[in-house]
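First comes the structure, then the notes that go with it.
Number of protein chains: 2
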Amino acid sequence: MTHLRARAVDLDATDPLRAFVDRFVPAPGVQAYLDGNSLGRPVAVTAERLAGFTREDWGTRLIRSWDEGWMEIPFELGDRIAALTLGAAAGQTLVADSTTVLLYKLLDAAAGARADRTEIAIEATNFPTDRFVAQAVAERHGMTLRWLEADPVHGPGLDEIDRGVGAQTAVVVLSHVDYRSGAIADLPAITARVQASGALMLWDLCHSAGAVPVGLDAAGVDLAVGCTYKYLNGGPGSPAFGYVAARHQDVLRQPIEGWMGAGDVFAMSRDFEPATGMRRFLSGTPPVLGMLAMADMLDLIEQAGLDEIRAKSVSLTSFVVEAADELLPEARLLSPRDASWRGGHVTLGHPGFEAIVPALWGEGVIPDFRYPDGIRLGLSPLSTTYAEALDGVQAIRGALAERPRG
Amino acid sequence: MTHLRARAVDLDATDPLRAFVDRFVPAPGVQAYLDGNSLGRPVAVTAERLAGFTREDWGTRLIRSWDEGWMEIPFELGDRIAALTLGAAAGQTLVADSTTVLLYKLLDAAAGARADRTEIAIEATNFPTDRFVAQAVAERHGMTLRWLEADPVHGPGLDEIDRGVGAQTAVVVLSHVDYRSGAIADLPAITARVQASGALMLWDLCHSAGAVPVGLDAAGVDLAVGCTYKYLNGGPGSPAFGYVAARHQDVLRQPIEGWMGAGDVFAMSRDFEPATGMRRFLSGTPPVLGMLAMADMLDLIEQAGLDEIRAKSVSLTSFVVEAADELLPEARLLSPRDASWRGGHVTLGHPGFEAIVPALWGEGVIPDFRYPDGIRLGLSPLSTTYAEALDGVQAIRGALAERPRG
């Protein structure tokens, strides 16, 4: 046994969260699932939850279920996500729409609330949807987009904020954890700096929620959105969550005004009168079926505790960096080496990676390829073992060694 | 046995679609489900489909499923809905978002394509979301809303179009089947009249799809949206469908530009370049879990045939009108008496209705109450029996007779 394998065995043996790995649907033929930060694995009880829901809540209670609880699911789930993963008090978070649509709604509302300003600022290499939505919202409000440049490995810092954000800035959109590098942005410091300019701060928490503590209320964040199909294991295309600080809720007006966001949903009144609180940020009928699975993962997060989850996440990514240093010395580490500034995934760069990923997938070793030459290793703390992570790094080493040379 | 009961027994016995009733999840304790036009019942195999999907496609194939089919589901399902229920050729329909959000996207795109015009026209008592969205889109484009008045029982006719639509009209939004009265609008004639003015025609098909043939291509309709949780039994909050005639697809630009609507989804390019065809109308990650159930209902619709379904629908609503005439003579028929202009539901009015609906629901007789004094009887052709419909009308009669007088 190599010393890395021995380390992996020991780390798994002493992992206080090890038992959670068995709470997920088994995946026969998958040796190493390293893409849980793109699509989290289903919790085992989710399969029966969905079937039981279909037979009971939907199939037998039928339309009555809307009165018996469905109308509140977006807010109850939002509050659970807020309490367990976001550091946010109740009444500020909902689950709705896709991340793209919810980002559009909140960003448009923010721009409307700073209509006297001329710019939306966004990191130049933020996730495409964030940039595309920001571009479109800026155009609609007669604003321009201000690109913030940032270090590709360490993400945006206060210098970038000072250079790009000022009295002209309506709102700033940044990712808390970068989707490529996994770098954690200094959310409290950046939020304070942005707000000092009078702009609103909107954080994208897609790669944070469920893996990295966020602390929205403590930092006084204005707005946030995030995914539920990554570390919250809500299933493919499960709806997004959105956070609007209580102080903004009755001031902001989102653009997609539908019956579910009206003050009296069933009044069928002629003119739209927005609900108070978070309900005004709903548009259409809540996607009930799509909101069920994440509840099972929230149960696990509650049992494990987010601090324990973060501790395992740090340990997992540190072990992968250690293994990559030894087994893949020719690869570049594209994530921060300092674990305190690294989220739940590690990205490595090598010109040979693009060629090997399809074969790895075929063998059941499943990382994410990121153009042009990155392999992203997503390590979902509750479902990933150290042995599995090492299997992944070893398989990459093997595939690189065997690839045909051009 | 009363003659109505004998008629119901005979109609069920000779119903060529009777066997389909047993294809749905049984609902013990429910005597009459008359709200299938608000939330369709689950097909029995849907429970196992969802569980199996969770264990296999999601749980075992994991992220690989996006490459193995998930990316195409919005279009494959859209094409099936189009072929089976909308009278539309492939490549013009997708499944995405909520009805509210998809309506917003298509209506905003339509207004943008007629930016030289000044009005959006909509029926004054259309479903609230339609009116609220139209109001918001009009404001955004510097347009005003033109309210079309229409007969409350028979819906809008060509006279209303002639009075309200002209060279100033950018787009007209109407429901094909009215959500209250069930009146069917003359879609081909109205579409032609609206288009003669140079405006675009957007039809809301929420209460049509799966119950009433539509004929979008034959009528040359520009745009349409609709629900999948009514007669398409997609489950609570299942995503909407949207139709964009092929000739408009590469001209219209929808407002919520996200990565899934980009020409190259994974290129992560700096500027948004919309995909060609229907893909550009996607925004965020497709809600895969929420799209599964409707496929089972589409299987049933395919087996039954839409013409047969419509024939049973006409027969069911005619029988309910006949029963109401006899058993509820004091109630007003708020739906067209001529079945050829009536969709899948029948609405009755009576000042005593509001007081009795909660007790009916408690007894497992489940119609829909519509403010101020309507009971809407939704008759989903594949899951509703004549006996069940009669049970519903008799229960309403009994509850009305027993109610305390004020």
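Chains as they are written, first to last, in this note's numbering: chain U, 1 to 406; chain X, 407 to 812. We treat Cβ as the ideally placed atom computed from N, Cα and C, and that holds for glycine. The structure displayed is predicted, hence computed values, not measured ones.
| field | S340(U) burial status per 10 Å Cβ neighbour count (16 or more: buried) | value | As a first step, residue 340(U) is located in the first sequence; it is residue number 340 there, counting from the start. The residue is exposed, with fewer than 16 neighbouring Cβ atoms inside 10 Å.
| task | Look up G277(U) in the DSSP assignment and say whether it is helix, strand or coil. | result | Taking the first sequence and counting its residues from 1, the one referred to as residue 277(U) is at position 277. The answer is helix: DSSP assigns G277(U) an H, G or I state.
| task | Could you check if H751(X) is buried or exposed, using at least 16 other CB atoms within 10 Å of its CB as the buried criterion? | result | Here the question's residue 751(X) lines up with position 345 in the second sequence. With 16 or more other Cβ atoms inside 10 Å of its own Cβ, H751(X) counts as buried.
| request: Please report the Cβ distance between V221(U) and V177(U), rounded to the nearest whole angstrom; I am assuming they are in contact, meaning their Cβ atoms lie under 8 Å. | output: Taking the first residue of the first sequence as position 1, residue 221(U) is located at position 221. Taking the first residue of the first sequence as position 1, residue 177(U) is located at position 177. With 8 Å as the limit, V221(U) and V177(U) do not qualify as a contact, their Cβ atoms being about 15 Å apart.
| alpha helix (DSSP H) containing M297(U): first to last residue? | Here residue 297(U) refers to the residue found at position 297 of the first sequence. For M297(U), the enclosing alpha helix (DSSP H) starts and ends at 293-304.
| message | Against M674(X), what residues of chain U qualify as contacts under a CB-to-CB distance less than 7 Å, listed in chain order? | response | By one-based count along the second sequence, residue 674(X) stands at place 268. Those are P128, Y371, listed as they occur along chain U.
| Element boundaries [beta strand (DSSP E), containing A630(X)] | In the second sequence, the residue the question calls residue 630(X) occupies position 224. Looking at the DSSP string, the run of the beta strand (DSSP E) that includes A630(X) is 629-632.
| If you compare alpha carbons, which of L806(X), A540(X), L638(X), G770(X) is closest to E736(X)? | Here residue 736(X) refers to the residue found at position 330 of the second sequence. The shortest C-alpha separation from E736(X) is found at L806(X).
| request: Determine the burial state of A672(X): buried for a count of at least 16 other Cβ atoms within 10 Å of its Cβ, exposed for fewer. | output: By 1-based counting over the second sequence, the position of residue 672(X) is 266. The sequence shown places Phe at residue 672(X), rather than the Ala named in the question. F672(X) is classed as exposed because its beta carbon has fewer than 16 other beta carbons within 10 Å across all chains shown.
| said: I want to know whether the segment 684-693 of chain X touches the segment 500-518 of chain X - three or more CB-CB distances under 8 Å. | reply: Remark: three or more beta-carbon pairs, one from each stretch, lie closer than 8 Å, so the segment 684-693 of chain X and the segment 500-518 of chain X are flagged as touching.
| query | Would you call the CB atoms of W553(X) and P128(U) closer than 8 Å? | reply | As a position in the second sequence, residue 553(X) is number 147, starting the count at 1. As a position in the first sequence, residue 128(U) is number 128, starting the count at 1. Not a contact, by the Cβ cut-off of 8 Å.
| message | For L187(U), which residues in the same chain have their Cβ closer than 8 Å to its Cβ, ignoring the five residues on either side in sequence? | response | Within the first sequence, residue 187(U) is the residue found at index 187, counting from 1. H176, W203, V214, G215, A219, V221, listed in sequence order.
| task | Just mark A433(X) as buried or exposed, buried being the case when its beta carbon has 16 or more other beta carbons within 10 Å. | result | Taking the second sequence and counting its residues from 1, the one referred to as residue 433(X) is at position 27. With 16 or more Cβ atoms within 10 Å of its Cβ, A433(X) is classed as buried.
| DSSP state of S471(X), grouped into three classes? | On the second sequence, position 65 is the one that residue 471(X) refers to. DSSP, read as helix, strand or coil, puts S471(X) in helix.
| task | Would you mind working out which of L289(U), G234(U), I375(U) sits nearest G40(U), comparing C-alpha positions? | result | By 1-based counting over the first sequence, the position of residue 40(U) is 40. Checked all of L289(U), G234(U), I375(U); the closest Cα to G40(U) is G234(U).
| said: If the criterion is Cβ atoms closer than 8 Å, does the pair L327(U) and V225(U) meet it? | reply: Taking the first residue of the first sequence as 1, we reach residue 327(U) at position 327. Taking the first residue of the first sequence as 1, we reach residue 225(U) at position 225. Between L327(U) and V225(U), the CB-CB gap reaches or exceeds 8 Å.
| request: May I ask you to check if the CB of T753(X) is nearer than 7 Å to at least one heavy atom of the ligand SAM? | output: The model depicted lacks the ligand SAM and carries no ligand whatsoever.
| query | What separation, rounded to the nearest whole angstrom, lies between the Cα atoms of A605(X) and L688(X)? | reply | Taking the second sequence and counting its residues from 1, the one referred to as residue 605(X) is at position 199. Taking the second sequence and counting its residues from 1, the one referred to as residue 688(X) is at position 282. Computed Cα separation, rounded: 24 Å.
| Going straight from the alpha carbon of T540(X) to that of L513(X), what length do you get? | For the purposes of this step, residue 540(X) is taken as the residue at position 134 of the second sequence. For the purposes of this step, residue 513(X) is taken as the residue at position 107 of the second sequence. In the sequence under discussion, the amino acid at residue 540(X) is Ala, which differs from the Thr named in the question. Cα-Cα distance, rounded: 7 Å.
| message | Which residues in chain X have a C-beta closer than 8 Å to the C-beta of G235(U)? List them in chain order. | response | By one-based count along the first sequence, residue 235(U) stands at place 235. Residues of chain X whose Cβ lies closer than 8 Å to the Cβ of G235(U) are, in chain order, T460, W464, V694, L695.
| query | Which residues, in chain order, does the segment 209-236 of chain U contribute to contact with chain X at a C-beta distance below 9 Å? | reply | Cβ contacts with chain X: C227, Y229, G234, G235, P236.
| Which of the three DSSP states, helix, strand or coil, is assigned to M71(U)? | Position 71 of the first sequence, counted from the start, is the residue given in the question as residue 71(U). When DSSP states are grouped into helix, strand and coil, M71(U) belongs to the helix group.
| Min CB distance Q437(X) to chain U below 8 Å | Within the second sequence, the letter at position 31 stands for residue 437(X). Taking Cβ atoms only, chain U never reaches closer than 8 Å to Q437(X), which makes this a no.
| request: Kindly indicate if chain X contains any beta-carbon less than 8 Å away from that of W70(U). | output: Locating residue 70(U) in the first sequence gives position 70, counting from the first residue. For W70(U), the answer is yes, since a Cβ of chain X falls inside 8 Å of its Cβ.
| query | Exposed or buried, what is M407(X) when buried is set at 16 or more other beta-carbons lying within 10 Å of its beta-carbon? | reply | As a first step, residue 407(X) is located in the second sequence; it is residue number 1 there, counting from the start. Exposed, since its Cβ has fewer than 16 Cβ neighbours within 10 Å.
| task | Within its chain, find whatever has a CB closer than 8 Å to the CB of H154(U); leave out the 5 residues flanking it on each side and keep chain order. | result | The residue labelled residue 154(U) in the question sits at position 154 within the first sequence. Same-chain partners within the cutoff: S181, A183, P336, W341.
| request: Mind checking the segment 124-154 of chain U against chain X and listing, in chain order, the residues whose C-beta falls within less than 8 Å of any C-beta there? | output: Residues passing the 8 Å Cβ filter: A124, F127, P128, T129, R131, F132, V133, Q135, A136, R140.
| query | G374(U) by DSSP, collapsed to three states: which one? | reply | Indexing the first sequence from 1 puts residue 374(U) at position 374. In the three-state DSSP reduction, G374(U) falls in the strand class (E or B).
| request: On a CA-only basis, which of D441(X), L704(X), E566(X), R809(X) is nearest W58(U)? Give me that one, please. | output: Taking the first sequence and counting its residues from 1, the one referred to as residue 58(U) is at position 58. For W58(U), the nearest C-alpha among the options comes from D441(X).
| query | Can the beta-carbon of T460(X) be found closer than 8 Å to that of P42(U)? | reply | In the second sequence, counting from the first residue as 1, residue 460(X) sits at position 54. In the first sequence, counting from the first residue as 1, residue 42(U) sits at position 42. A contact, by the Cβ cut-off of 8 Å.
| Per-residue contacts from A47(U) into chain X (C-beta, under 7 Å) | To locate residue 47(U), count along the first sequence from 1; it is residue 47. Chain X residues near A47(U): A457, T460, R461.
| said: Once the 5 residues before and after E60(U) are set aside, which same chain residues still bring their CB inside 8 Å of it? | reply: Counted from its first residue, the first sequence places residue 60(U) at position 60. Rather than Glu, the amino acid found at residue 60(U) in this sequence is Thr. So no residue of the chain qualifies.
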